[in-house]
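The sequence shown runs 418 to 646 under our numbering.
Here's the structure, in structure tokens; my notes come after.
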Amino acid sequence: MLTRKQHELIRFIQVRLEETGVSPSFEEMKEALDLKSKSGVHRLISALEERGFIRRLPNRARALEVLRQPEDVGTKAPPRAANVNSAAAVVRPPEAKPAPANDVIEIPLHGRIAAGVPIEALETSATLPVPAALLGAGEHYALEVSGDSMIEAGILDGDYALIRRTDSARDGEIVVALVRGEEATLKYLRRENGKVRLDPANAAYEPQIYSPGEVLVQGKLAGLLRRYH
418 MLTRKQHELI RFIQVRLEET GVSPSFEEMK EALDLKSKSG VHRLISALEE
468 RGFIRRLPNR ARALEVLRQP EDVGTKAPPR AANVNSAAAV VRPPEAKPAP
518 ANDVIEIPLH GRIAAGVPIE ALETSATLPV PAALLGAGEH YALEVSGDSM
568 IEAGILDGDY ALIRRTDSAR DGEIVVALVR GEEATLKYLR RENGKVRLDP
618 ANAAYEPQIY SPGEVLVQGK LAGLLRRYH
């Protein structure tokens, strides 16, 4: 048995796919189901995916496919005019439908991160639209770069660093490092002589050296987005 919210969500997704061929955004699903946050949408989608009702299409932004309907949905007569803005709308049994064609995904934008002297990285409720081709598998978020210490790696002040969330990285990878539990910085990660070294990509800056317990990897660079004004 599905919960009421799970029923509402799968119906809403199916209606939107039949009407437009495009999966609804997380914001649209949140509003349609009257949820307080997008994390609630994530939980519902994960539950439906685990039970085989939907699947996420790889390498496509917010693209969902309905694999099967709850039994009580498929047996109901379709409404005369389905309202795609109503999560409780009853849907028609799926026929041939257009493939989802989204190529942009919205990821959380968590403030500014230093590419020079470490500064506090502030989480916000903002999001950033990103071409799906820039992202691979996994959970991602974005940080606005502040400073010039990574310019020799092509990372400039004002760029948006696209970060895949992870707590581990290999030597030589560019990571988001949380220093002493308070400040975050974007640097090359190196380990030597029992220490952690955070290397800039600018000869004007010195490496930052810490004990292992002072540095926590919070993600590694997956891509870069630059806006021109």
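Beta carbons are placed, not taken as given, at the ideal position from N, Cα and C, and that holds for glycine.
Suppose the cutoff is 7 Å on Cβ atoms and the five residues either side in sequence are ignored; what does the same chain contact list for residue i look like?
i: LEU484; result: GLY469, PHE470, ILE471 and ARG472
i: SER585; result: VAL634
i: ALA464; result: GLN423
With residue i and residue j assumed to form a contact (beta carbons below 8 Å), what rounded beta-carbon distance in angstroms separates them?
i: LEU545; j: ALA559; result: 4 Å
i: ALA570; j: ALA531; result: Not confirmed; about 14 Å, so no contact.
To the nearest angstrom, report how far apart residue i and residue j are at their CA atoms.
i: PRO624; j: LEU461; result: 44 Å
i: ARG529; j: VAL562; result: 6 Å
i: ARG587; j: GLU436; result: 45 Å
i: TYR627; j: ASP616; result: 11 Å
i: GLU482; j: ALA621; result: 50 Å
i: GLY611; j: VAL547; result: 38 Å
i: GLN486; j: GLU444; result: 23 Å
i: ARG421; j: ILE427; result: 10 Å
i: LEU452; j: TYR577; result: 29 Å
i: ILE572; j: GLU425; result: 43 Å
i: ILE591; j: GLN431; result: 40 Å
i: VAL593; j: SER456; result: 23 Å
i: TYR605; j: SER454; result: 34 Å
Looking at residue j and residue i, is the spacing between their C-beta atoms short of 8 Å?
i: ASP574; j: GLY564; result: yes
i: LEU579; j: LEU642; result: yes
i: GLU600; j: ARG582; result: no
i: MET567; j: LEU603; result: yes
i: ALA549; j: ILE524; result: no
i: ARG614; j: ARG607; result: yes
i: VAL439; j: LYS447; result: no
Near residue i, what residues of its chain come up, given a Cβ to Cβ distance below 8 Å and the 5 sequence neighbours on each side ignored?
i: GLU416; result: With the chain represented from 418 up to 646, any question about residue 416 goes unanswered, as that position is not in the structure.
i: GLU631; result: VAL596, ARG597 and VAL613
Exposed or buried, which one is residue i when buried takes at least 16 other CB atoms within 10 Å?
i: ARG644; result: exposed
i: ALA543; result: exposed
i: LYS637; result: buried
i: GLU609; result: exposed
So, for residue i: in the same chain, excluding its five sequence neighbours on each side, which residues have a beta-carbon less than 6 Å away from its beta-carbon?
i: GLY640; result: LEU551 and LEU579
i: PRO629; result: VAL613
i: LEU419; result: PRO487
i: GLU537; result: Any answer about GLU537 is weak, because its pLDDT of 46 lies below 50 and its placement is not dependable; what the coordinates show is given next. For GLU537, where only same-chain residues beyond five positions count, the Cβ hits under 6 Å are GLU600.
Quick check: does the Cβ of residue i come within less than 7 Å of any heavy atom belonging to the ligand NAD?
i: GLY640; result: In the structure on display, the ligand NAD does not appear, and there are no ligands present to speak of.
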